[in-house]
């Protein structure tokens, strides 16, 4: 009997197609890159042709891959639909909505999440909000393991196969010593700044690296690392370097800070997104919640 197609290998192929990277796809699924590469190799062997080619510029679909990836997407979506309906049929409706939030999330957005849950339409209005604050990796693990229904976090390193909705944004500011003139700073000027960074846990450091890489700018990092937003701000005020963070994370209102502008003079913003599993038994309820976060109802 011929070996059957593995749904998991199809998901791997879709993830590589979405991210354009074997390593990014592996991180999204929480597996090693060799395991993902081996799965795709077995899928290609089963299909009889290679789906992807690798080059110094990244991973691109072969002509065969261009033809097959839309079919793979539809197949995986159909499988997700089967699982979603099965869960909806067999799972008892939980009385809570479990939402994980990054430490980077402002208290105002947390309040919006609470109000959105309180104002859900019937019969969802009786749901209780259960909040959990954790680092980005823990939030994603909680979503994958179904310990969380939704996470709200900075929009970095997408999770293929999950539904995403941008629900908020805020200006990015640069904190420097008080001797600096508090006027906007162009993003290109950051190439000359030594940036104080946090451990890559809440998503801010990833956002900073991605932002500068997107504009072909180097990251000139301070040799040490701050442990919190307050320390980040204090060290920048001392003159050890510059610090970029969302405006809401400033701990002192009189801290000297400057808006960061892009090449066109527009304020650079940090975006926050709600993420949930479209195959979840509560996916429709979570879409309603995400809609209410985008357009708050009080």
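Numbering (our numbering), first residue to last: 464 to 761. Where is the CB? At the ideal position from N, CA and C, for every residue including glycine. Remember, it's a predicted structure, so these values are computed and weren't measured experimentally.
Coarse secondary structure for residue i, derived from DSSP in three states
{"i": "residue 678", "result": "coil"}
{"i": "residue 635", "result": "strand"}
{"i": "residue 590", "result": "coil"}
{"i": "residue 529", "result": "helix"}
{"i": "residue 712", "result": "helix"}
{"i": "residue 690", "result": "coil"}
{"i": "residue 480", "result": "helix"}
{"i": "residue 474", "result": "helix"}
{"i": "residue 603", "result": "helix"}
{"i": "residue 546", "result": "helix"}
{"i": "residue 727", "result": "coil"}
{"i": "residue 520", "result": "coil"}
{"i": "residue 490", "result": "helix"}
{"i": "residue 646", "result": "coil"}
{"i": "residue 741", "result": "coil"}
{"i": "residue 619", "result": "coil"}
{"i": "residue 506", "result": "helix"}
Exposed unless 16 or more other CB atoms sit within 10 angstroms - verdict on residue i
{"i": "residue 528", "result": "buried"}
{"i": "residue 509", "result": "exposed"}
{"i": "residue 522", "result": "buried"}
{"i": "residue 518", "result": "exposed"}
{"i": "residue 504", "result": "exposed"}
{"i": "residue 516", "result": "exposed"}
{"i": "residue 753", "result": "buried"}
{"i": "residue 597", "result": "buried"}
{"i": "residue 511", "result": "exposed"}
{"i": "residue 671", "result": "buried"}
{"i": "residue 507", "result": "buried"}
{"i": "residue 748", "result": "buried"}
{"i": "residue 491", "result": "buried"}
{"i": "residue 717", "result": "exposed"}
Beta-carbon proximity of residue i to residue j, cut-off 7 Å
{"i": "residue 593", "j": "residue 561", "result": "yes"}
{"i": "residue 595", "j": "residue 756", "result": "no"}
{"i": "residue 705", "j": "residue 656", "result": "yes"}
{"i": "residue 682", "j": "residue 674", "result": "no"}
{"i": "residue 732", "j": "residue 634", "result": "yes"}
{"i": "residue 658", "j": "residue 684", "result": "yes"}
{"i": "residue 638", "j": "residue 699", "result": "yes"}
{"i": "residue 723", "j": "residue 651", "result": "no"}
{"i": "residue 537", "j": "residue 648", "result": "no"}
{"i": "residue 584", "j": "residue 478", "result": "no"}
{"i": "residue 559", "j": "residue 591", "result": "yes"}
Residue nearest to residue i in terms of C-alpha spacing, selected from the options
{"i": "residue 602", "options": "488, 575, 568, 684", "result": "568"}
{"i": "residue 746", "options": "729, 689, 491, 626", "result": "626"}
{"i": "residue 580", "options": "612, 606, 481, 500", "result": "612"}
{"i": "residue 632", "options": "591, 647, 708", "result": "708"}
{"i": "residue 661", "options": "697, 743, 647, 479", "result": "697"}
{"i": "residue 691", "options": "651, 663, 718", "result": "663"}
{"i": "residue 630", "options": "541, 599, 564", "result": "564"}
{"i": "residue 524", "options": "537, 559, 476, 540", "result": "476"}
{"i": "residue 573", "options": "480, 711, 729", "result": "711"}
{"i": "residue 566", "options": "599, 701, 496, 577", "result": "599"}
{"i": "residue 502", "options": "703, 472, 533", "result": "472"}
{"i": "residue 719", "options": "729, 701, 725", "result": "701"}
{"i": "residue 742", "options": "680, 729, 689, 606", "result": "606"}
Residue i: CB within 6 Å of a non-hydrogen atom of the ligand ZN
{"i": "residue 699", "result": "Looking for the ligand ZN in the displayed structure turns up nothing, as the structure carries no ligands at all."}
Q. Counting Cβ pairs closer than 8 Å, one from the region 614-621 and one from the region 724-739, do we hit at least three?
A. yes
Q) Does the region 481-490 touch the region 537-547, meaning 3 or more C-beta pairs lie closer than 8 Å? A) no
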